[in-house]
Amino acid sequence: MSSYSKKEVGDLVDGRLPFETVHRMLSMPKDQERFSLYLEILQERVSWPDKIILARGPHLYIVQDKDSKKWVNKCSCGHVMGEYNENWKLYANIFVRNTEALLNELQPKLMAPHHEWQELREFICPSCGILHDVEAPVPWYPIINEFEPDIDTFYKEWVKIPLPERAN
Amino acid sequence: MNNLAHLVEVMGIDAGGTMTDTFFVRADGEFVVGKAQSNPNDEASAVMESSGDALHLWGRKLEEVYPELVTAVYSGTAMLNRVVQRKGMKVGLIVNRGMEDFHRMGRGIQCYLGYSLEDRLHLNTHRYDEPLVPAERTVGVTERVDCHGDIVIPLREKEAVEATTRLLDQGAQAIAIVFLHAHKNGKHERRVAEIAREILARRGSNIPVFTSVDYYPTRKESHRSNTTILEAYAAEPSRKTLLGISDRMRGVGAKYDLRVMASHGGTISWKAKELARTLVSGPIGGVIGSKFLGEALGYDNIACSDIGGTSFDMALITKGEFAIQKDPNMARLLVSLPLVAMDSVGAGAGSFVRVDPYSQSIKLGPDSAGYRVGCCWEEGGIDTVTVSDCHVVLGYLNPDNFLGGALKLNVERARQAIKTQVADPLGLTVEKAAGGVIEILDQSLRGHLRSMINAKGYNPLDFVCFSYGGAGPVHTYGYTEGLGFKDVIIPAWAAGFSAFGCATAEFEYRYDKSVDIAVPPSASDGTKTASCVTLQQAWDELAEKVIEEFRINGFKPEDVILKPGFSMQYLGQLNDLEIDSPLGTVSSVEDWNRIVEAFDETYARVYARAARSPELGFGITGAIMRGIVATKKPKVPMEPEEGPTPPRDSELGSRPFYQRGVWKIAKLYSMEALRAGNEIAGPAVIESPATTLVVPEGWSTRLDSHRLFHLREV
C-alpha cells in the first residue's frame, strides 16, 4: 500500500503539497503509520512537553498533562481550556458580532446576515489571542459543543495504537 | 519491402507527450511506423526524427519521400498540455458588467471532471482549477441582449473603450469578448471588437480579438466563453508550432498543406480560424480509422476499442456513422465544440495494482505508470506493481522484445514486486495473483464494453469489434470473450492505428449554431415555412464560414461539398438527435415535412419505433454545416492469400504461458513474417515490435488479405 515520508506528511500539514499528491493521498486507503507521523509532526511544533492525543483544530489540541496524566484541551501557546470532555469554548474569550455595524466590518452592507436572525461568535485564546473558531447560530442559541471524539475507539480499533494513560 | 515503384503518399503524425509516432503509407498499401522522443520546444525536429526512423525501414530519405507525399495529418497533445499546465497566452476578457465572475466560478461539474466514480462522490477531492483568465483581467461592459436576441440595454461604447484600454495596460496578449445571448444577436460583441481594433490600431498593437458570436454561436455562456477563451489562450500559440512544422516539411520538399485532426472527426488546415477544436484529437483517430476500414470492407456496425498505457477508450459506429457529443469537456473545461462521442475508463496496461487493506481485494488504478511500464522496467523508476508486470511474469509479453527490444524488461524484479505487494498479502502464489489481476481487468473492461453497447439499446451480436492501441491485442480475447461479437478484428498495425486513422480522415470543416425553432403539432403552414427560413438562414451563415475556411487553403467554393444537418427533438424532451439533412436547402411546408420524417426515422432507429412522439410537436435546437473537399486517402492493404500454414520463418520458438491456473507452452510467431491466409490456434503469442497478439488455448486467429487478424473462440 502507499506510504509517505515524514516530510511529505509535514508538507501536507503545511499545505505545501501539490494538489495531485493530496488528491492521491485522499483517494487511496490511508497508510497505517500516517496518524503516528502526524502526531509526531504536531508534537515537534509545540513548545510544551505534554503528549498530544488529538488535534481539535490548527492551534488547539487534546493533550495528556505531563505530570497529572489528565487529558485537557490546550492551545498551541500552552493555555489550558478545560478538560478534554468539556466544551473548550466555555474557557475562551468570546467576541460577539450582533449588531449591523459589527457584522459590516466583515461583509458589505446588505450582504451580511441580519443581526436579529444570526450572530457571529468568535472564540479567542485568552493568553495568545489566536482565533480558534467562529460559530454562526441564531442569537438566542446556547454555545455549541461541536465535537466529542470517541478517542478510545479511534486509537484501539481504527489506527490500532496503544491508548495513552488517562487520569480523568 | 523497398519497392521504389510505389510512391509514399500519406503520412500521419501522432505527437504524444512522450513519443512522436509517424505513419507512412505507400500507394500499394504498405506502411511503416516511426518513433522518436517528443520535444515540446521543437516539435518539428521530433517529427523529422520520427519520419527518418520510419523511412529508414524502407531505406529511403526524407528528401526523396516528402515531395511524393500528397497529404499529411497531424494530431498532438501540445495544445492540451498548454491548457492543463495553464501556460497559455495572457488573455483579457470582456463580459457583461455584473457578470465578471462567471468564468472564474465555472460550472460545478468542472471541479470533478475526469475523476473516478469514487472520487466524484468523495467531496473533499473536488477542486476548481485556476481560471484561464484571472479576475483582474476580466472587465465588465454595460449592455444586455435578452434570450430572444432583442436589445434590452444598449451598449455603452465609452465603457468598451475603457475596458480595452485597461486590458492593454495590463499587458493582455489577446482579447476575448463574450456577452450573454450573443448567439442570438452578435451586434454588441462585434461593435466592441470594432472599438477594440480601433484602439489597437491607434496604439500600434496587433493582438488578436475574438468574439464568441463569430467563433462559437451556441447557447450556454459558460461553454461558449470557455471555448472562445481557449481559442485565444491555447490555439494561437499552437498555430506557431504548426507553422514551424509546416515550414520544416516544405524545407525538405513537401508540397501538401499540413492538416490537423479536429475533435469533430475531420481534419482542418493549420490555418483554420477555429483551431481550438484540435485540442483533443489523439484517441479519435482510431474511431475514424475504424469507420474508414468499415466502409472499405462492408462493416457498418463497429464497436471500437483502444487500450493504451493509461486508458480504455470505446466508441460505437452504427450504420456507418459515429455519434457526436455537442457540449463535451476537454481539459476539465466544458466547451461548445463537437466531439466524436467516446467512453473512457482509466484502466490500461500501465494501471497500478494494489491490495486494498480493508477489503483484502485487488484494486486496479485509477492511476497508472503510463510510459514507465512497471516494476519490470527498472529504469522507469516504478515501485508499484502494474498490469504489465503481471503480463511479463505470465509469459504474455516477451521481456526481450518490448518496443522491439528498446526496453529490456526484468522478469525477476516484476515477480518479486508481485510477491511482496500482491501475492503474499493475499496468501496466493505469484501466478495465481498475477492471473487474478488479468482476469479482473478483463472482466471490468468487458463489463464496460457490454454496458456501453447495451446502454445505447444495441446488442453486441450486431457488431464487429475492432481492437487496437499498443496494448489492445494482448487483452482482446479477455474483454471480448462471451460478448458474442459477429467478428473480432485486430489490424496488424494496431499500435499505429490512431495515426493511420488520422490519415484516413476527411478534409472537413464543421460549424454549429444554436437556433430556437418550435413547431407545435397544431402549427400552421406559415409557422412551418417560417421555421424553414430560420434554419436556412443559419445554414447560409455557416456555409459562408465553411467556404471561407477552404478559401484560405486555395479551394474554390465549387470544390466544396456542403452537407447541412440539424439537431431536432420532440418538443418538451431534453435530448436532441443530430440528423444529416435529406435536403440541401429548405423553404416550404413540404421541405419541413421531409426533415421531420428524417428525424422520425432516426429516432425510431436510435430508440424504438413505438417511442416516437410526433404528437408533441418538433423543435430544432441547432443548425450544422459540414464542408468537405476531396483528398487522397491511404489504401487498405491487399495481399494474395497463401494458405493456412504459417511460413517457417515466422516461427520464433515457444515460451511457457499461464492460463486459468495452468502453465502451458505457447508457440511464438513473428507478426511481420505471417502471410495472408495463415491460421494459428492457441496457445500462441504473435509478436511484433510495437504490439503483441495473445491467442490463448481455445481461441484461434486468421490473418486475412488486408492484414487484419480475426480472433475467435473455437
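Quick mapping for you: the protein sequence lines, in order, are chains A and B. Numbering-wise, our numbering comes out as the position in the first sequence, counting from 1, plus 72. Numbering-wise, our numbering comes out as the position in the second sequence, counting from 1, plus 12. Glycine included, C-beta positions come from ideal geometry on N, C-alpha and C.
Collapsed DSSP secondary structure at residue i in the structure displayed
i               : result
S108 of chain A : helix
N341 of chain B : strand
K420 of chain B : coil
K142 of chain A : coil
L270 of chain B : coil
L461 of chain B : helix
N157 of chain A : coil
V145 of chain B : coil
C200 of chain A : coil
D524 of chain B : strand
C477 of chain B : strand
G513 of chain B : helix
L574 of chain B : strand
C544 of chain B : helix
W47 of chain B  : Note that residue 47 of chain B is Lys in the sequence shown here, rather than Trp. Here K47 of chain B sits in strand by DSSP.
I25 of chain B  : strand
Contact check, residue i vs residue j, beta carbons under 9 Å
i               : j               : result
Y489 of chain B : N313 of chain B : no
A688 of chain B : L715 of chain B : yes
V173 of chain B : W505 of chain B : no
N306 of chain B : V476 of chain B : Here residue 306 of chain B turns out to be Gly, not Asn, going by the sequence shown. In this structure, V476 of chain B lies closer than 9 Å to G306 of chain B by Cβ.
S348 of chain B : D339 of chain B : yes
G358 of chain B : D379 of chain B : yes
S510 of chain B : D26 of chain B  : yes
T150 of chain B : D113 of chain B : yes
V486 of chain B : L705 of chain B : yes
N291 of chain B : A188 of chain B : In the sequence on display, residue 291 of chain B carries Leu and not Asn. No, the Cβ-Cβ distance between L291 of chain B and A188 of chain B is not below 9 Å.
V367 of chain B : V399 of chain B : no
N690 of chain B : P659 of chain B : yes
L595 of chain B : D588 of chain B : no
P211 of chain A : E188 of chain A : yes
V572 of chain B : L547 of chain B : no
L126 of chain A : F226 of chain A : yes
Which residues DSSP lists as bridging residue i, in chain order
i               : result
I257 of chain B : Partner(s): none; I257 of chain B has no beta bridge.
M580 of chain B : B:L589, B:I632
R156 of chain B : B:I165
G129 of chain A : A:L132
H722 of chain B : B:I501, B:R714
D355 of chain B : B:M326
V707 of chain B : B:A696
P668 of chain B : B:I677
R366 of chain B : B:K375
I187 of chain B : B:G104, B:V221
R730 of chain B : The structure shown has nothing for residue 730 of chain B, since chain B only spans 13 to 726.
A315 of chain B : B:L328, B:C477
F414 of chain B : B:L419
CB-CB length for residue i against residue j, believed under 8 Å
i               : j               : result
P249 of chain B : G100 of chain B : 7 Å
C514 of chain B : I300 of chain B : 7 Å
E142 of chain B : R214 of chain B : The pair is not a contact, with the Cβ atoms about 33 Å apart (cut-off 8 Å).
V77 of chain B  : L67 of chain B  : 6 Å
G496 of chain B : L473 of chain B : 5 Å
V107 of chain B : V22 of chain B  : Between V22 of chain B and V107 of chain B the Cβ distance is about 44 Å, and since that is not below 8 Å, they are no contact.
I450 of chain B : C402 of chain B : 6 Å
V95 of chain B  : A343 of chain B : 4 Å
A327 of chain B : A308 of chain B : At roughly 18 Å, the Cβ-Cβ gap does not stay under 8 Å, so A327 of chain B and A308 of chain B are not in contact.
K525 of chain B : H195 of chain B : 7 Å
V558 of chain B : M637 of chain B : 5 Å
I564 of chain B : S281 of chain B : 7 Å
V152 of chain A : K146 of chain A : 5 Å
V81 of chain A  : R117 of chain A : Actually they are not in contact, since the Cβ atoms of V81 of chain A and R117 of chain A sit about 12 Å apart, beyond 8 Å.
Distance cut-off 8 Å: residue i Cβ against heavy atoms of the ligand MG
i               : result
V618 of chain B : Ligands are entirely absent from the displayed structure, and the ligand MG is therefore not among its contents.
TODO: Note down, in chain order, all residues in the region 130 to 158 of chain B with a beta-carbon under 8 Å from any beta-carbon belonging to chain A.
DONE: Correct list: E130, D131, H134, N136, T137, R139.
Task: Short-range partners of chain A found in the region 377 to 392 of chain B, where Cβ spacing is below 8 Å - done: Those would be P378, D379, in chain order.
Task: Residues of the region 93 to 114 of chain A whose Cβ lies closer than 8 Å to any Cβ of chain B, in chain order - done: Listed by position along the chain: H95, R96, L98, S99, M100, P101, Q104.
TODO: Give, in chain order, every residue of the region 108 to 125 of chain B whose Cβ lies closer than 9 Å to some Cβ of chain A.
DONE: Considering only beta carbons, no part of the region 108 to 125 of chain B lies closer than 9 Å to chain A.
TODO: Name, going along the chain, the residues of the region 359 to 377 of chain B whose beta-carbon falls closer than 8 Å to a beta-carbon of chain A.
DONE: With the criterion set as a beta carbon lying under 8 Å from some beta carbon of chain A, the members of the region 359 to 377 of chain B are R366, V367, D368, P369, Y370, in sequence order.
Task: Residues in the region 164 to 177 of chain A having any Cβ partner in chain B nearer than 8 Å - done: Correct list: empty, as no residue qualifies.
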